[in-house]
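Only one structure is covered here, and it is reproduced in the block below.
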Amino acid sequence: MNEKYRFLKGALCGALAMLCIVTAVNGIRGTVASAVPQLSAIGEEGEEEGFSEEKLKRIRAVIDSVYLREDEIDDSALTEGMYEGYVRALGDPYSVYYTEEEAEELMQGISGEYSGIGAGLSQSYETKIVTITNVFRDSPAEEAGLKSGDILYQVDDHEITDEDLNQVVAWIKGEEGTKVTLHVIRGSEEKEITAVRRIVKAQTVEYEMKDSQVGYIRVTEFDSVTYEQFKAALAELDGKGMKGLVIDLRSNPGGDLDTVLDMLRLILPKGTIISTENKDGKEEEYTCDGKQEFDRPLAVLVNGYSASASEIFSGAVQDYEKGKIVGTTTYGKGVVQEIISLLDGSYIKVTTSEYFLPSGRSINEAGITPDVEVEYEPNEEDEEADNQLDKAMEVIREEL
């Protein structure tokens, strides 16, 4: 199984949409925007071109007249489906309509605390395959026996083929104390694993000293708890005599923009971190004062599932030559989303700008090309083996 579908085994795993059984939001702005002024302005412009209220009424008349299962019609589902389809028709995989219930799940996910099983999920945009990317330490998922790399194909009685990841997450999360059964493929085996949900705080950062000199930090997503966890990890590794550092962003799908910017301010010299540009050409620049610049050898591990905020982090490190990027080319998501209230409890997440790295380059649909390219090579005899991490350690030791 190639890297596209196989995730790392043996690497320390600490998440949204990747998703911590909670919806991580790739590349979103740190605040949820209030949409009152925008919505008022939109409402004054009248009916948009191409929309026909009469046509909608005719569609409903046909359904009411001839639809076979009239007694199964859910008016609310039809309405929500119309809104969802409207946004989906943009053809932008990152712009999404959320019902009130889905929005609550989304906000809970961003907060980093929720009732679930404590595991991270990722979904391929191309194949819709859903994979367990990490399992939190001492979580219900770990206790039940889930492992990073398991491919998920069913939750309770719900087959997840072609389902949106947000829906899969909603099925897995639930009331504290209730059970959920996950059907997974591990290697050539199918397994049925039942976990008991409980309140989980996302463990987005895990760390250790790999030897007496080299520290290792695994960041699984960027959400509201990640900066403090990352800062604490750096401090503890410093206290243990760290002389070089490997930061592992493999299979990290991104998350909150403000979080990754704050983390980079612990690494970069004074200067621009990124700039963004919206549809009107308005630019915004995010900077670092350089007061906490990291001054030791650094390597950042990435792969094809490192996206959005992960690419901001690795790209900025690369542009400032603060460290070596090791692994394979990243996903290539160089756009930012904002979450906007529709005033009735529902929300829309919509792409609002493109970001540019310190050098001015865009990585959208291109990704970050590593300084040291190395494919992950599964070792059937030793599941703990990790040739990409070994290469990153080698890069650090050469500079010590």
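Residue numbers for the sequence shown follow the working numbering, beginning at 1 and rising by one. Ideal placement from N, C-alpha and C gives every residue a C-beta, glycine not left out. If you're wondering where the values come from, they're calculated on a predicted model, not measured in any experiment.
Taking the C-alpha atoms as reference points, what is the distance between D319 and L357? Residue 319 sits at position 319 when you count from the first residue of the sequence shown. Residue 357 sits at position 357 when you count from the first residue of the sequence shown. When the Cα atoms are used, D319 and L357 turn out to be separated by approximately 8 angstroms.
When you compare only the Cα positions, how much space is there between G281 and R186? One-based indexing of the sequence shown puts residue 281 at position 281. One-based indexing of the sequence shown puts residue 186 at position 186. Between the alpha carbons of G281 and R186 lies a gap of roughly 47 angstroms.
Quick check on DSSP: helix, strand or coil for N364? As a position in the sequence shown, residue 364 is number 364, starting the count at 1. If DSSP states are grouped into helix, strand and coil, N364 belongs with coil.
Burial state of E380, where buried means 16 or more other Cβ atoms lie within 10 Å: Along the sequence shown, one-based indexing puts residue 380 at 380. Looking at its Cβ environment, which holds fewer than 16 other Cβ atoms inside 10 Å, E380 is exposed.
Let me check one thing: in DSSP terms, what residues is V155 bridge-paired to? What you label residue 155 is simply residue 155 of the sequence shown in a count that begins at 1. Bridge pairing for V155: H158, L182 [DSSP].
Is the CB of V184 under 8 angstroms away from at least one CB in chain C? Checking the listed chains, one finds no chain C in this structure; it contains a single protein chain.
Quick test of your reading: Y355 and I274, contact by CB under 8 angstroms. State the CB separation rounded to the nearest angstrom. For this step, residue 355 is matched to residue 355 along the sequence shown. For this step, residue 274 is matched to residue 274 along the sequence shown. Y355 to I274, Cβ: 5 angstroms. Contact.
Take A103 and list the residues in its own chain whose beta-carbon comes closer than 7 angstroms to its own, dropping the five residues that flank it on each side. Translated into positions along the sequence shown, residue 103 becomes position 103. Hits under 7 angstroms: G345, S346, Y347.
CA-CA distance, T220 and L264? Taking the first residue of the sequence shown as 1, we reach residue 220 at position 220. Taking the first residue of the sequence shown as 1, we reach residue 264 at position 264. If you take the alpha carbons of T220 and L264, they lie about 16 angstroms apart.
Taking G367 and G332 to be in contact with their CB atoms under 8 angstroms, please state how far apart those CB atoms are, rounded to whole angstroms. Counting from 1 along the sequence shown, the entry for residue 367 is found at position 367. Counting from 1 along the sequence shown, the entry for residue 332 is found at position 332. Going by Cβ atoms, the distance from G367 to G332 rounds to 4 angstroms, so yes, they are a contact pair.
DSSP three-state label for N252, please. In the sequence shown, the residue the question calls residue 252 occupies position 252. N252: coil per DSSP, three-state reduction.
Element boundaries [beta strand (DSSP E), containing I325]: Residue 325 sits at position 325 when you count from the first residue of the sequence shown. Where I325 is concerned, the enclosing beta strand (DSSP E) stretches over 324-327.
Opening and closing residue of the alpha helix (DSSP H) in which F313 lies: Position 313 of the sequence shown, counting from 1, holds the residue named residue 313. Run containing F313: 309-319, per the alpha helix (DSSP H) assignment.
I need the DSSP call for E130, collapsed to helix, strand or coil. Mapped onto the sequence shown, residue 130 falls at position 130. Residue identity check: residue 130 is Val in the sequence provided, not Glu. DSSP places V130 in strand when its eight states are reduced to three.
In angstroms, rounded to a whole number, what distance separates the CA positions of L245 and A141? Translated into the one-based positions of the sequence shown, residue 245 becomes position 245. Translated into the one-based positions of the sequence shown, residue 141 becomes position 141. Computed Cα separation, rounded: 29 angstroms.
At the level of alpha carbons, what is the spacing between P370 and K279? Here residue 370 is taken as the residue at index 370 of the sequence shown, counted from 1. Here residue 279 is taken as the residue at index 279 of the sequence shown, counted from 1. P370 and K279 have their C-alpha atoms spaced approximately 30 angstroms apart.
Residue of I73, L400, G290 minimising C-alpha distance to K243: Residue numbering aside, residue 243 sits at position 243 when the sequence shown is read from its first letter. Nearest option by C-alpha distance: L400.
Note down, in chain order, each residue of its chain lying with its Cβ closer than 7 angstroms to the Cβ of Q229, except the 5 sequence neighbours on either side. The residue you call residue 229 lines up with position 229 of the sequence shown. T204, V205.
Enclosing beta strand (DSSP E) for Y207 [first to last residue]: The count along the sequence shown starts at 1 and reaches residue 207 at position 207. For Y207, the enclosing beta strand (DSSP E) starts and ends at 205-209.
F230 in three-state terms, based on DSSP: Residue 230 sits at position 230 when you count from the first residue of the sequence shown. Here F230 sits in helix by DSSP.
Please state whether DSSP places A119 in a helix, a strand or coil. Counting from one through the sequence shown, the residue named residue 119 turns up at place 119. Reduced to three states, the DSSP call for A119 is strand.
Quick check on R218: does DSSP put it in helix, strand or coil? Within the sequence shown, residue 218 is the residue found at index 218, counting from 1. DSSP, reduced to helix, strand and coil, places R218 within a strand of the structure shown.
Candidates E143, T194, R137, G174, of which the one nearest L152 by Cα: Residue 152 sits at position 152 when you count from the first residue of the sequence shown. Measuring C-alpha to C-alpha distances from L152 to each of E143, T194, R137, G174 identifies T194 as the nearest.
The beta strand (DSSP E) enclosing K201, as first and last residue numbers: By one-based count along the sequence shown, residue 201 stands at place 201. Per DSSP, K201 is one residue of the beta strand (DSSP E) stretching across 198-201.
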